[in-house]
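If you want our numbering, it's the position in the sequence shown, counting the first as 1, plus 41. Every residue, glycine too, gets a C-beta built ideally from N, C-alpha and C. Because the structure is a prediction, the values reported are computed rather than measured. Remarks on the structure that follows.
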Amino acid sequence: MEYALIVLLSIVLLILGIIGTILPVLPGLVLSLAGLLIYKYGADADLSMIYIWAFVILTLASVILNYAIPAKATKKYGGTRWGSIGSVIGTIVGMFIPIPLGFLVGMFAGVFIGELLHDSKDMTKALKSTKGAFIGFLYGTGFSFVVGVAMFLVVVLDLTNVI
42 MEYALIVLLS
52 IVLLILGIIG
62 TILPVLPGLV
72 LSLAGLLIYK
82 YGADADLSMI
92 YIWAFVILTL
102 ASVILNYAIP
112 AKATKKYGGT
122 RWGSIGSVIG
132 TIVGMFIPIP
142 LGFLVGMFAG
152 VFIGELLHDS
162 KDMTKALKST
172 KGAFIGFLYG
182 TGFSFVVGVA
192 MFLVVVLDLT
202 NVI
């Protein structure tokens with residue numbers, strides 16, 4: 042019975058982690074990694090340490106990339122430091138706005154407003170910077186999502202004795 046509860050807890054954490062890769066309210070891959078570690082050590086799974094170390098490294102890379110990719114993409118599309126600062130402020134403010142995906146709306150609004158504060162006459166540049174932030178968000182989120190799903194699949198495949 043204890044084994045089943047540990048496996049269930051692991052699966053729940055892995056699923057919450059996948060959801061958290063999209064919603065910044067949840068700590069995404071950290072939850073998934075916790076689920077993986079609980080499965081490995083709590084259920085005494087015969088899962089190779091290569092998986093554990095690979096996912097630890099990918100989780101750390103994701104944390105860094107989730108900040109670096111949107112900033113680089115915003116810059117690539119002509120964004121300035123003002124847009125980057127606006128993005129951070131907008132994301133934080135957006136988390137407290139009671140609308141669906143408020144953090145995302147806040148991030149894009151923050152980039153746009155930041156760029157307009159930098160140069161109020163160049164709305165095209167502000168829109169391009171916002172497009173860059175969106176593309177960066179998709180790349181960063183996509184990477185984290187794939188890593189989270191991979192962790193989930195490793196546990197499921199181990200449970201079914203495929204790996």
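For the alpha helix (DSSP H) holding residue i, just list the boundary residues, first then last.
i, result
"G58", "E43 to G61"
"N107", "M90 to K117"
"I133", "R122 to M136"
Rounded to whole angstroms, what's the CA-CA distance from residue i to residue j? Just pull it up for me.
i, j, result
"I138", "V197", "37 Å"
"P68", "W123", "27 Å"
"A225", "I98", "Within the shown structure, residues of the chain are numbered from 42 to 204, placing residue 225 beyond reach of any answer."
"Y44", "I60", "24 Å"
"K117", "D85", "47 Å"
"V190", "P141", "23 Å"
"L64", "L145", "9 Å"
"D87", "T62", "27 Å"
Would residue i be called buried (16 or more neighbouring beta carbons within 10 Å of its own) or exposed?
i, result
"T201", "exposed"
"T100", "buried"
"K81", "buried"
"T165", "exposed"
"V203", "exposed"
"V66", "exposed"
"D160", "exposed"
Cβ pair count under 8 Å reaching 3, the segment 147–155 against the segment 122–138
Proximity of the segment 147–155 to the segment 122–138 meets the contact definition, three or more beta-carbon pairs being nearer than 8 Å.
Any chance the segment 160–173 sits against the segment 53–60, with 3 or more Cβ pairs inside 8 Å?
No, they do not touch.
Does the segment 110–118 come into contact with the segment 77–96, if we say contact requires no fewer than three beta-carbon pairs (one atom in each stretch) closer than 8 Å?
Cβ pair count under 8 Å is below three, so no.
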